[in-house]
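Respectively, the protein sequence lines represent chains U and X. Residue numbers for the first sequence follow my numbering, beginning at 1 and rising by one. Residue numbers for the second sequence follow my numbering, beginning at 1001 and rising by one. The beta carbon of each residue, even a glycine, is placed where N, CA and C say it ideally should be. Source: prediction; values computed, not measured.
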Amino acid sequence: AQTVTQSQPEMSVQEAETVTLSCTYDTSENNYYLFWYKQPPSRQMILVIRQEAYKQQNATENRFSVNFQKAAKSFSLKISDSQLGDTAMYFCASGGKLIFGQGTELSVKP
Amino acid sequence: EAQVTQNPRYLITVTGKKLTVTCSQNMNHEYMSWYRQDPGLGLRQIYYSMNVEVTDKGDVPEGYKVSRKEKRNFPLILESPSPNQTSLYFCASSPRGRTEAFFGQGTRLTVV
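Here it is in structure tokens:
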């Protein structure tokens, strides 16, 4: 069965600093995608970044980047130059059936 | 505008009163799914559908039903709601099962 685990229920970071959110997963699929979604207080689910498992290069989207370690089944999200608007719940998800982790609540402090 | 539309956004109901939460997408996506979100548990998949007339159970299907008679619609049915089904529900769709999903706005359901 597919599983996704986020072991950090809450994190905080000072504005302009860098923070890393952890995620591990388990899947029996050979070709799969991994995602990070952001959920601000509005409850909207917003795609932050996507990684295709067959690509070795780590995905980046502006201030967001991932560290994808396929053998270790690890998929962490790094947010650089944190902004107040980054305050949200962040979910890691594994493609296929799209299974989500428990979420990490990130607070960016001024 | 490409979107997934859920209705209603908020619903308070009583135990045992059948209800349906509708979900519709205008992107011609094959794959649709339902999730419930509870604090500390993340989003858990209830049911998913790979295409019209093809549905399957997710991780927490008990107490829920779905149907996929048309490609664009995927309603979630609670035949006899109970208080433990109080939750935030999301519908999602994607072109196929392995790509990113587009989410509806969420439905906050309270069963008293």
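If I follow the unbroken beta strand (DSSP E) through residue i, where does it start and stop?
| i | result |
| --- | --- |
| Met1032(X) | 1031-1038 |
| Leu106(U) | 104-109 |
| Arg1009(X) | Unbroken run through Arg1009(X): none, as it is neither H nor E. |
| Met11(U) | 10-14 |
| Ser113(U) | The shown model of chain U, from 1 to 110, leaves out residue 113(U), and the question about it has no answer. |
| Lys1057(X) | 1054-1057 |
| Arg1068(X) | Premise fails: Arg1068(X) is in no beta strand (DSSP E) and is neither H nor E. |
| Thr5(U) | 3-5 |
| Leu1109(X) | 1107-1111 |
Quick one: using the 10 Å Cβ neighbour count with 16 as the cut-off for buried, is residue i buried or exposed?
| i | result |
| --- | --- |
| Arg1036(X) | buried |
| Val1112(X) | exposed |
| Gly85(U) | exposed |
| Pro1081(X) | buried |
| Tyr1089(X) | buried |
| Ala16(U) | exposed |
| Val4(U) | buried |
| Ala1092(X) | buried |
| Arg1009(X) | exposed |
| Gly951(X) | Outside the modelled stretch of chain X, which goes from 1001 to 1112, sits residue 951(X), for which no answer is possible. |
| Ile1012(X) | exposed |
DSSP beta-bridge partners for residue i?
| i | result |
| --- | --- |
| Leu1019(X) | Leu1078(X) |
| Leu77(U) | Leu21(U), Val66(U) |
| Tyr32(U) | Beta-bridge pairing links Tyr32(U) to no other residue. |
| Glu131(U) | Nothing can be reported for residue 131(U), as the shown portion of chain U is limited to 1 through 110. |
| Gln1025(X) | Val1004(X) |
| Ala1092(X) | Ser1033(X), Phe1103(X) |
| Ile1046(X) | Note: Ile1046(X) sits in no beta bridge, so no partner. |
In the structure shown, what three-state DSSP assignment does residue i receive?
| i | result |
| --- | --- |
| Ala1041(X) | This sequence places Leu at residue 1041(X); Ala is not what is there. Looking at Leu1041(X) - three-state DSSP - the assignment turns out to be coil, as it is neither helix nor strand. |
| Gln83(U) | coil |
| Gln1085(X) | helix |
| Ala1002(X) | coil |
| Lys38(U) | strand |
| Leu98(U) | coil |
| Asn1073(X) | strand |
| Asn58(U) | coil |
Hey, would you say the C-beta of residue i is under 6 Å away from at least one heavy atom of the ligand COA?
| i | result |
| --- | --- |
| Ser107(U) | By its list of ligands, the structure shown contains no ligand whatsoever, and the ligand COA lies outside what it can speak to. |
Round the Cβ separation of residue i and residue j to the nearest angstrom and send it over; I've been treating them as touching at under 8 Å.
| i | j | result |
| --- | --- | --- |
| Gln2(U) | Thr24(U) | Contact doesn't hold; Cβ gap of about 12 Å is too wide. |
| Ala1002(X) | Leu98(U) | The pair is not a contact, with the Cβ atoms about 18 Å apart (cut-off 8 Å). |
| Glu1079(X) | Val1052(X) | Not confirmed; about 22 Å, so no contact. |
| Thr1015(X) | Pro1083(X) | 7 Å |
| Tyr33(U) | Gly103(U) | So it is not a contact: roughly 19 Å between Cβ atoms. |
| Ile46(U) | Arg63(U) | Not confirmed; about 14 Å, so no contact. |
| Gln1105(X) | Gln1025(X) | Wrong, their Cβ atoms sit about 12 Å apart, outside the cutoff. |
| Pro1061(X) | Cys1023(X) | That pair is no contact at about 16 Å. |
Kindly list, in the order they appear in chain B, the residues whose Cβ is closer than 7 Å to that of residue i.
| i | result |
| --- | --- |
| Leu34(U) | Here chain B cannot be found, since the structure's protein chains are U and X. |
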